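A quick write-up on the structure given underneath.
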Amino acid sequence: MITKRIIPCLDVRDGRVVKGVNFEGLADVSSPVSLAKYYSECGADELVFYDITASAEGRALFTDVLREVASEIFIPLTVGGGINTLDDFDRVLKCGADKVSVNSGAIRNPALIGEAAKRYGDQCVVLSADVKRVDGVFRVFAKGGRENTGMEAIEWIRRCVDMGAGEVVVNSIDTDGVKGGFDLEMLSRVCDAVSVPVIASGGAGCIADFVTLFREVPGVDAGLAASIFHFGEVKISDLKRTLDENGVPVRI
Amino acid sequence: MIAILDYGVGNLFSLTCSFRAIGKEAVVTKDPARIRAAERLILPGVGAFADAAKKLRDSGLDVLLKEEVAKGKPLLGICLGMQLLFEKSYEYGEHEGLGLIKGSILPFAEHIGEEYKIPQIGWNRLHLTQSIPLWKYVNEGDFVYFVHSYFAPSSDAYTAAEAEYGIPFSAAVAKGNVYGCQFHPEKSGNVGLSILRGFCETEGRVC
Chain S
1 MITKRIIPCL DVRDGRVVKG VNFEGLADVS SPVSLAKYYS ECGADELVFY
51 DITASAEGRA LFTDVLREVA SEIFIPLTVG GGINTLDDFD RVLKCGADKV
101 SVNSGAIRNP ALIGEAAKRY GDQCVVLSAD VKRVDGVFRV FAKGGRENTG
151 MEAIEWIRRC VDMGAGEVVV NSIDTDGVKG GFDLEMLSRV CDAVSVPVIA
201 SGGAGCIADF VTLFREVPGV DAGLAASIFH FGEVKISDLK RTLDENGVPV
251 RI
Chain P
253 MIAILDYGVG NLFSLTCSFR AIGKEAVVTK DPARIRAAER LILPGVGAFA
303 DAAKKLRDSG LDVLLKEEVA KGKPLLGICL GMQLLFEKSY EYGEHEGLGL
353 IKGSILPFAE HIGEEYKIPQ IGWNRLHLTQ SIPLWKYVNE GDFVYFVHSY
403 FAPSSDAYTA AEAEYGIPFS AAVAKGNVYG CQFHPEKSGN VGLSILRGFC
453 ETEGRVC
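First to last, the sequence lines map onto chains S and P. Quick note, the first sequence lines up with residues 1 to 252 if you use the numbering used here. Quick note, the second sequence lines up with residues 253 to 459 if you use the numbering used here.
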């Protein structure tokens, strides 16, 4: 039986992890390598690195760091942020990424998904969608959630999967940062619409939110979160133990 | 030295690093002399079966690989590399593999319920069915990481470990000095590294 995955997401700028983190026994909390090792040892099933660098210099630092992480951590690595072309795919895959997540790059140029899937395989292409309710309709937002594209979200996600996205990360802008739980309604709608793995993002505030997620929306394959893991509010080892006790299959 | 066969398929960065992590020297190569000199061989692979099988044949490495295996050199196929060990695959048609293991590769889509997503992506448990060197440091029920849409059916003739995804399938295969893992040991954490360590301790009749 395949297990539900728990995925911490690390934002990286100029090769360093941003959003202050505070872990006992971890000397350099802004080192992606130290943090990745820590999470891997705690039982993270996969890691997402999100490059929020704006400059070319920062991007080069990011790939250096990625290469270093990939040469020491042997669990799946997904990279997102600034992926606009096949060259961007190539750049991060060569440094040890296993999957590449596209968001705004796919909105600007939807053909990118099909081209990348053809070259690297569907399993390598992850669609990341920022979704928000506008007048009762799920809409896709671009530019880190600042710009309403006007596209209906479920239709967009289905279209991207048809073009070759092998996995979908659904980030609910409505629940993101609120820590009141995942957006179960939105996630059920997405799970009903596509047959590829769905990763839930946005809204996790405590361990119980993950239990509710996997119980209420059994089609969801993974839960992704950032700050609750970084600030130590939720320890991955505790989270997985609780999921296991509640009958949710996890890798322990 | 371990030779990772380079026939233009897949990303070999993590695989090379994982051998370095267990203190073994691995080189990515298509040079026949280096492949002949290697103590052990790795056949990697991602992507489509037909395309990979063609690239392997076009490179001429298929013949060399069979020669080296016939001498008793240990070979490990990983993911699509495991599937290529078989006689044929029914991935988009019918395509010929290396034929080192008798049997066929089948699509999950025709053999499991609709509630199962395809590809299988994620961590699944190993049920060990043969005692082989690869399992020297592995425990029954350990988790490994899979990404695949096609599978080798479970069989007493070659299955070394099973996993379950709608049906039991071959998570790993073994036939003499030929081994294969459907999962990615280089992405399966410490369990994966220990499987590679076990492979490095196989006793082949190295000529």
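All C-beta atoms in this analysis are idealised placements derived from N, C-alpha and C, irrespective of residue type, glycine included. Quick caveat, the model's predicted, so the values are computed rather than measured.
What is the residue span of the beta strand (DSSP E) that residue i lies within?
i         : result
P:Tyr-431 : 430-433
S:Phe-138 : 137-142
S:Gly-150 : 147-152
S:Ala-200 : 198-201
P:Arg-309 : Careful: P:Arg-309 lies outside any beta strand (DSSP E), inside the alpha helix (DSSP H) at 301-311.
P:Ser-356 : 353-359
S:Arg-9   : One point to set straight first is that residue 9 of chain S is Cys, not Arg, in the sequence displayed. Its beta strand (DSSP E) spans residues 5-13.
P:Phe-395 : 395-400
S:Phe-182 : Element bounds for S:Phe-182: n/a, residue is neither H nor E.
Please classify residue i as buried or exposed, where buried requires at least 16 neighbouring CB atoms within 10 angstroms.
i         : result
S:Ser-237 : exposed
S:Met-163 : buried
P:Arg-377 : buried
P:Glu-438 : buried
S:Phe-89  : buried
S:Phe-231 : exposed
S:Asp-87  : exposed
S:Val-65  : buried
S:Val-69  : buried
S:Asn-109 : exposed
P:Ser-406 : buried
S:Val-137 : exposed
Can you tell me whether DSSP reads residue i as helix, strand or coil?
i         : result
P:Gly-329 : strand
P:Lys-427 : strand
S:Glu-57  : helix
P:Ile-254 : strand
P:Arg-288 : helix
S:Phe-210 : helix
P:Gln-228 : With chain P running from 253 to 459 in the structure shown, residue 228 of chain P is simply not present.
S:Gly-20  : Bear in mind that the predicted position of S:Gly-20 carries a pLDDT of just 47, short of 50, making it too unreliable to give a figure here.
P:Asn-442 : helix
P:Gln-293 : One point to set straight first is that residue 293 of chain P is Leu, not Gln, in the sequence displayed. In the structure shown, P:Leu-293 sits in a strand (DSSP, three-state: E or B).
S:Asp-51  : strand
S:Phe-74  : coil
P:Glu-348 : strand
S:Arg-133 : strand
S:Ile-157 : helix
P:Gly-450 : helix
S:Thr-63  : helix
S:Arg-251 : coil
S:Ala-193 : helix
P:Pro-385 : helix
P:Glu-277 : coil
Give every residue of the same chain whose Cβ lies closer than 6 Å to the Cβ of residue i, excluding the five residues on either side of it in the sequence, and list them in chain order.
i         : result
P:Gly-262 : Pro-296, Gly-297, Val-298
P:Trp-375 : Phe-395, Tyr-397
S:Cys-160 : Ile-113, Leu-127
S:Ser-201 : Val-169, Asn-171, Leu-224
P:His-333 : The sequence shown places Gly at residue 333 of chain P, not His. So the qualifying residues of the chain are Leu-295, Pro-296, Gly-297.
P:Gly-260 : Lys-307
S:Asp-130 : Phe-141, Gly-145, Asn-171, Ile-173
S:Thr-175 : Asp-183, Gly-202, Gly-203
Which residues bound the alpha helix (DSSP H) around residue i?
i         : result
S:His-230 : 227-230
S:Tyr-38  : 32-42
P:Tyr-410 : Taken as a continuous stretch (DSSP letters only), P:Tyr-410 belongs to no alpha helix (DSSP H), as it is neither H nor E.
S:Glu-115 : 111-120
S:Cys-95  : Where S:Cys-95 is concerned, there is no enclosing alpha helix (DSSP H), given that its DSSP letter is neither H nor E.
S:Gly-105 : 104-108
P:Thr-268 : 265-273
S:Ser-237 : 236-245
Less than 7 Å between the CB of residue i and some heavy atom of the ligand HEM, yes or no?
i         : result
S:Leu-239 : Ligands displayed in this structure: none; no statement on the ligand HEM is therefore possible.
Go through its chain and collect everything with a Cβ distance to residue i's Cβ below 7 Å, but skip five positions before and after it.
i         : result
P:Val-443 : Val-390, Asp-394, Phe-395, Val-396
S:Ile-207 : Val-234, Asp-238, Leu-239, Thr-242
S:Met-151 : Arg-139, Val-140
P:Ser-356 : Phe-338, Glu-339, Lys-340, Ser-341, Tyr-342
S:Glu-253 : Because chain S spans 1 through 252 in this model, residue 253 of chain S falls outside it and cannot be assessed.
S:Gly-81  : Tyr-50, Asp-51, Ile-52
S:Ala-153 : Ala-129, Val-131, Phe-138, Arg-139, Val-140
Return the chain-ordered list of same chain residues with a C-beta closer than 8 Å to the C-beta of residue i, the five sequence neighbours on each side being excluded.
i         : result
S:Lys-4   : Phe-214, Val-220, Asp-221, Ala-222, Gly-223, Leu-243, Val-248, Pro-249, Val-250
P:Asn-429 : Val-321, Gly-324, Lys-325, Pro-326, Leu-327, Thr-454, Gly-456, Arg-457
Looking at chain P, which residues of the segment 179-208 of chain S have a Cβ within less than 7 Å of any of its Cβ atoms?
-> Residues Ser-195, Val-196, Pro-197.
What are the residues of the segment 413-446 of chain P that lie near chain S, defined by any Cβ-Cβ distance shorter than 9 Å?
-> Ala-415, Glu-416, Tyr-417, His-436, Pro-437, Glu-438, Lys-439, Ser-440, Gly-441, Asn-442, Gly-444, Leu-445
Interfacial residues, the segment 260-282 of chain P to chain S, with Cβ spacing under 8 Å | Taking 8 Å as the Cβ-Cβ cut-off against chain S, the residues of the segment 260-282 of chain P that qualify are Asn-263, Phe-265, Ser-266, Cys-269, Ser-270, Arg-272, Ala-273.
Where the segment 388-401 of chain P meets chain S: residues whose CB sits under 9 Å from a CB there = Listed by position along the chain: Phe-395, Tyr-397, Phe-398, Val-399, His-400, Ser-401.
Name the residues in the segment 335-361 of chain P whose C-beta lies less than 9 Å from a C-beta of chain S; which are they?
-> Cβ contacts with chain S come from no residue of the segment 335-361 of chain P.
Using a Cβ-Cβ cut-off of less than 8 Å, give me the residues of the segment 82-112 of chain S that come near chain P, in sequence order.
-> Leu-93, Lys-94, Cys-95, Gly-96, Asp-98
Quick one: which residues of the segment 317-333 of chain P get their C-beta closer than 9 Å to a C-beta of chain S? List them in chain order.
-> none
Chain S contacts from the segment 369-386 of chain P (Cβ-Cβ distance under 9 Å) | Lys-369, Ile-370, Pro-371, Gln-372, Ile-373, Gly-374, Trp-375, Asn-376, Arg-377
Chain P contacts made by the segment 53-76 of chain S, where a contact means CB separation under 9 Å | Arg-67, Ala-70, Ser-71, Glu-72, Ile-73, Phe-74, Ile-75, Pro-76
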